[in-house]
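Asks: Quick one: this structure, given as structure tokens, is what I'll be asking you about.
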Amino acid sequence: MSRQEVILSQNLQESLEQAIGKCPHDKLFVLADECTARLCLPLIREATCLKDAQYITIGATDTHKTLETLATVWKALSDQGATRHSLMLNVGGGMVTDLGGFAASTFKRGIAYINIPTTLLAMVDASVGGKTGINFNGLKNEIGVFAPAKSVLIDTNFLRTLDYQNLVSGYAEMLKHGLISTTEHWAELLNFDFNQVDYAALQTLVAKSVRIKEDIVEQDPLEHGIRKALNLGHTVGHAFESLALEEERPHLHGYAVAWGMVCELYLSHLKTGFPADKMRQTIQFIRETYGRFYFDCKQYDRLYQLMTHDKKNTSGIINFTLLGEVGDIRINQTATRKEIDEMLDFYREAMG
Ligand code: GLY
């Protein structure tokens, strides 16, 4: 898999001119959702390199991360004469970069693309590392391919207009990066004050977070081993997210991941000796920042079933990424149904 260039940009138009300059192309397409087209495109539209660009707009939010939306993007590319030498620029949150990356990497067997993430979640996770795809059959990211962007241009100025929910949603992935890296980084993440956001400090934390992800992806781009570390919190988190969607009370991805981390830190404590004090401190931060996801024991069967759909599983056995300590990653862990029920009991009590 080719390496992608991740730029923490101080001047987005300049970075964009440079990134596009490195990608010879015949036509340039810009994909954005309804919100980013209105709020974010004006910030780059004047760039000389975009003067002949053609624009494609799709519906916003995860509900549009579908086969139907994907088909509209393929159709727009086809109708507007895109060739194998065309270039796509995805401007938006994780939904746009995932779907746009998938559209680009499958159109005429693959055209080059560049990501400009506009949400925290997309900056520190979705747009970096080459995972692309769409939701399908009620399951998150069920269909997709690994296909890295040529460049990812991160401008943290976009974060200044992000609402609290979207800010903390992305922060959950940063907290995950803290847990899988060093005690120092984990501790500084727990100290961040969302009541008075210091954007300069956030920018520094974002830079560290992106480097942690890049380092892991570089070691294992196709997720045969250590990249599974990035799934901490996601086995249970995806189950929470899917259950919430089924019950028509959807939650942002990062919220589900944060609640999933509560569960998986408990499993880590139970099975791989993660220290109780660090588990409690992390849970307290998550409870205060994200509130809780409500369910009762009648929903345990459905949550268990949803966990069995996780992409890391083999032969239907649920595969967890756990920790022995902050930074001590234990991939390919399993748990019995009894331990999973106990974990869900713990969650309801600890988050109560
Ligand atoms: N979001 C997890 C990964 O990129 O592997």
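Okay, so the sequence shown: first residue is -14 according to the working numbering, each after it adds one. Beta carbons: idealized from backbone N, C-alpha and C, even for Gly. Small disclaimer: the values here were computed from a predicted structure and weren't measured.
(1) Any heavy atom of the ligand GLY closer than 6 Å to the Cβ of D83?
(2) I want to know whether the segment 74 to 87 touches the segment 16 to 31 - three or more CB-CB distances under 8 Å.
(3) Put E310 into one of helix, strand or coil per three-state DSSP.
(4) Under 8 Å, with one C-beta from each stretch per pair, do the segment 266 to 283 and the segment 299 to 306 reach the 3-pair mark?
(5) Quick check: the segment 30 to 45 against the segment 171 to 189, are at least 3 beta-carbon pairs closer than 8 Å?
(6) Where does the unbroken alpha helix (DSSP H) through I201 begin, and where does it stop?
(7) Confirm the yes/no value for this check: CB of K135, any heavy atom of the ligand GLY, distance under 6 Å.
(8) For the alpha helix (DSSP H) containing G245, name the first residue and the last one.
(9) With DSSP run on the structure shown, which of helix, strand or coil describes A32?
(10) Which residue wins for smallest C-alpha separation from S71, given the options F92, V81, L52?
(11) For Y289 and A224, I'd like the C-alpha separation in whole angstroms.
(12) For the beta strand (DSSP E) that A17 lies in, which residues bound it at each end?
(13) Tell me which same chain residues have a C-beta within less than 7 Å of the C-beta of G163, skipping the five on either side of it?
(14) Closer than 6 Å: is that where the CB of D110 sits relative to any heavy atom of the ligand GLY?
(15) Report all residues from its chain with a CB closer than 6 Å to the CB of I(-8); omit the five preceding and five following residues, and keep chain order.
(16) CA-CA distance, G239 and E(-10)?
(17) At a threshold of 6 Å, does L215 count as lining the ligand GLY (C-beta to nearest heavy atom)?
(18) Can the beta-carbon of I268 be found less than 7 Å from the beta-carbon of A214?
(19) Specify, as a first and last residue, the run of the beta strand (DSSP E) that K125 falls within.
(20) Between which two residues does the beta strand (DSSP E) carrying V(-9) extend?
(21) Less than 6 Å between the CB of R212 and some heavy atom of the ligand GLY, yes or no?
(22) Terminal residues of the continuous alpha helix (DSSP H) containing G85?
(23) Kindly indicate which residue of G210, L217, T103 has the alpha-carbon position closest to the one of V191.
(24) Looking only at its own chain, which residues have a Cβ that is under 7 Å from the Cβ of I201, when we skip the five neighbours before and after it?
(25) For S154, name the three-state secondary structure that DSSP assigns.
(26) Taking Cβ positions, are L105 and G155 nearer each other than 7 Å?
(27) With C-beta atoms as the reference, is T189 less than 7 Å away from G312?
(28) With a Cβ-Cβ cutoff of 7 Å, do S90 and V130 count as a contact?
(29) What is the C-beta distance between F340 and L228, in whole angstroms, given that I count them as a contact (C-beta under 8 Å)?
(30) If you draw a straight line from the C-alpha of L308 to the C-alpha of T257, how long is it?
(31) Counting Cβ pairs closer than 8 Å, one from the segment 318 to 333 and one from the segment 229 to 238, do we hit at least three?
Replies: Working from what's here:
(1) no
(2) yes
(3) strand
(4) no
(5) no
(6) I201 -> alpha helix (DSSP H) spans 184 to 204.
(7) no
(8) 238 to 257
(9) coil
(10) F92
(11) 8 Å
(12) 13 to 18
(13) Excluding sequence neighbours, G163 sits near H170, W171, L174.
(14) yes
(15) S0, L138
(16) 25 Å
(17) Because some heavy atom of the ligand GLY lies under 6 Å away, the Cβ of L215 counts as near it: yes.
(18) no
(19) 124 to 128 is the span of the beta strand (DSSP E), which, as asked, contains K125.
(20) -10 to -7
(21) yes
(22) 79 to 91
(23) T103
(24) I211, R212, A214, L215
(25) helix
(26) yes
(27) no
(28) yes
(29) Outside the modelled stretch of the chain, which goes from -14 to 337, sits residue 340, for which no answer is possible.
(30) In a straight line, the C-alpha of L308 is about 6 Å away from that of T257.
(31) No contact exists between the segment 318 to 333 and the segment 229 to 238.
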